[in-house]
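Here the structure comes first, spelled out in structure tokens, and everything after it is commentary.
There are 2 protein chains.
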Amino acid sequence: MKIGELATLTGCTVQSIRYYEKEQLLPTMQRSDGNYRIYGLAAIEQLKLIKHCRNLDLSLAEIRTLLELKQQPDITCDTVNKIVDSHIEQVALRIKELKHLQEQLRSLRDSCSLKSTVNECGILKKLSVKKT
Amino acid sequence: MKIGELATLTGCTVQSIRYYEKEQLLPTMQRSDGNYRIYGLAAIEQLKLIKHCRNLDLSLAEIRTLLELKQQPDITCDTVNKIVDSHIEQVALRIKELKHLQEQLRSLRDSCSLKSTVNECGILKKLSVKKT
DNA sequence: TTAAACTATATAGTAACTATAGAGTCAAGT
DNA sequence: ACTTGACTCTATAGTTACTATATAGTTTAA
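So, in structure tokens, the structure goes:
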């Protein structure tokens with residue numbers, strides 16, 4: 006299988022597959038006579054894992070760690086848990102921040118009446134004055 | 006006032022102030038004999054506005070638009086409203102996405118028991134199999 | 001055989017900075 | 001007068017996870 010077929014099978018772009026190889030998330034593939042990368046079924050598996058992790062917003066560094074752990078089946082999976090746990094925390098924190106942001110934006114939005122001019126725009130006034 | 010003082014007064018770093026100037030969020034400042042940027046009180050105002058907007062996660066492009074609008078006090082502030090509204094929507098969407106993510110991460114986390122080895126780790130299994 | 005479709009590498013761009021290198025400026029102390 | 005240290009200047013590279021582009025080579029179908 007060549008890279009284009011792998012791309013359509015997994016929903017990745019050709020470029021990102023090459024990028025993952027460069028970043029060591031996929032192994033260096035063997036090449037055909039014409040220097041084309043040749044993939045087997047294992048590559049589909051691995052790319053799907055990568056893609057699923059990316060959908061969960063895991064960083065490439067985190068995914069690389071998971072993949073390395075997968076190569077050592079006999080150690081305990083504490084590290085896997087830790088990665089997921091810390092990621093859950095990060096997401097929770099981000100949600101909290103965004104909710105706070107949402108409140109501020111709404112209160113900002115309420116400070117501008119419909120027909121006013123920029124000159125007396127409550128939003129711009131608030132932005133200029135409010136402390137950081 | 007030189008750039009370092011402005012930085013401490015506003016809580017920005019010296020580099021980011023220079024960056025904002027390069028990106029046209031601050032005007033090109035006049036220079037001293039020794040080629041140092043010289044700032045007045047207006048710069049504090051403007052930097053605080055920028056910083057406050059950044060705290061609200063507005064992009065530099067959005068902030069640039071707001072600052073341009075500020076220069077034209079007589080037009081209606083529809084555009085200001087639109088920027089804020091669209092930003093509120095973006096944040097709401099992101100919160101929704103993150104909540105969905107959070108669910109998936111938690112269900113993933115639940116699939117790994119405490120003492121298992123990587124070999125039989127429910128998390129890695131799920132990640133490999135689950136569809137994108 | 002030739003054109004289309006595919007693949008290869010290398011490089012630059014994205015956002016909003018941060019970090020670094022190398023050089024010039026200024027104020028205070030000796 | 002000289003030097004030291006703190007400050008400033010510009011230019012460049014790095015960050016993340018790609019995407020886009022240019023240029024060149026390969027394969028496949030008509």
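Residue numbers (our numbering), protein chains in the order written: chain A, 6 to 137; chain B, 6 to 137.
Note that CB positions come from ideal geometry on N, CA and C, so glycine has one too.
As the structure is a computational prediction, the values presented were derived from the model and not from experiment.
Exercise. What are the start and end residues of the alpha helix (DSSP H) that includes Arg42(B)?
Worked result: Mapped onto the second sequence, residue 42(B) falls at position 37. Premise fails: Arg42(B) is in no alpha helix (DSSP H) and is neither H nor E.
Exercise. How about Ile49(A): is its C-beta nearer than 8 Å to some C-beta of chain B?
Worked result: Start at 1 with the first residue of the first sequence, and residue 49(A) comes out as number 44. At a cut-off of 8 Å, the C-beta of Ile49(A) has no neighbouring C-beta in chain B.
Problem set entry | Proximal residues of chain A, C-beta to C-beta of Arg111(B) below 7 Å | Reading the second sequence from its first residue, position 106 is the one you call residue 111(B). Under the 7 Å cutoff, chain A gives Ile93.
Exercise. Which of the residues in the segment 18-41 of chain B, read from start to end, lie with their CB under 8 Å from any CB of chain A?
Worked result: Per Cβ criterion, the list is empty.
Problem set entry | 8 Å Cβ cutoff, Ile43(B) in contact with chain A | Position 38 of the second sequence, counted from the start, is the residue given in the question as residue 43(B). Residue contact with chain A for Ile43(B): absent (no Cβ-Cβ distance below 8 Å to any residue of chain A).
Exercise. Given that Ile8(B) touches chain A, what residues does it touch there, using C-beta distances under 7 Å?
Worked result: On the second sequence, position 3 is the one that residue 8(B) refers to. The contacting residues do not exist; Ile8(B) stays about 18 Å from chain A at best.
Problem set entry | Cutoff 8 Å; reference Gly16(A); Cβ partners in own chain excluding five residues on either side | For the purposes of this step, residue 16(A) is taken as the residue at position 11 of the first sequence. Within the same chain, Gly16(A) has close Cβ partners Lys56.
For this session: Give me the Cα-Cα distance between Thr18(B) and Ala66(B), rounded to the nearest whole angstrom.
Result: Within the second sequence, residue 18(B) is the residue found at index 13, counting from 1. Within the second sequence, residue 66(B) is the residue found at index 61, counting from 1. In this structure, the CA atom of Thr18(B) is about 20 Å from the CA atom of Ala66(B).
For this session: Go through its chain and collect everything with a Cβ distance to Met34(A)'s Cβ below 8 Å, but skip five positions before and after it.
Result: Here the question's residue 34(A) lines up with position 29 in the first sequence. The residues Glu26, Arg42, Ile43, Tyr44, Ala48, in chain order, have a CB closer than 8 Å to that of Met34(A) in the same chain once the five nearest residues on each side in sequence are set aside.
Exercise. Cα-Cα, which of Val123(A), Leu103(A), Glu28(A) is closest to Asp79(B)?
Worked result: Taking the first residue of the second sequence as 1, we reach residue 79(B) at position 74. Looking at Val123(A), Leu103(A), Glu28(A), the one whose alpha-carbon comes closest to that of Asp79(B) is Val123(A).
Exercise. Is Leu113(A) closer than 8 Å to Val89(B) when the C-beta atoms are compared?
Worked result: For this step, residue 89(B) is matched to residue 84 along the second sequence. For this step, residue 113(A) is matched to residue 108 along the first sequence. Cβ distance < 8 Å, so Val89(B) and Leu113(A) count as in contact.
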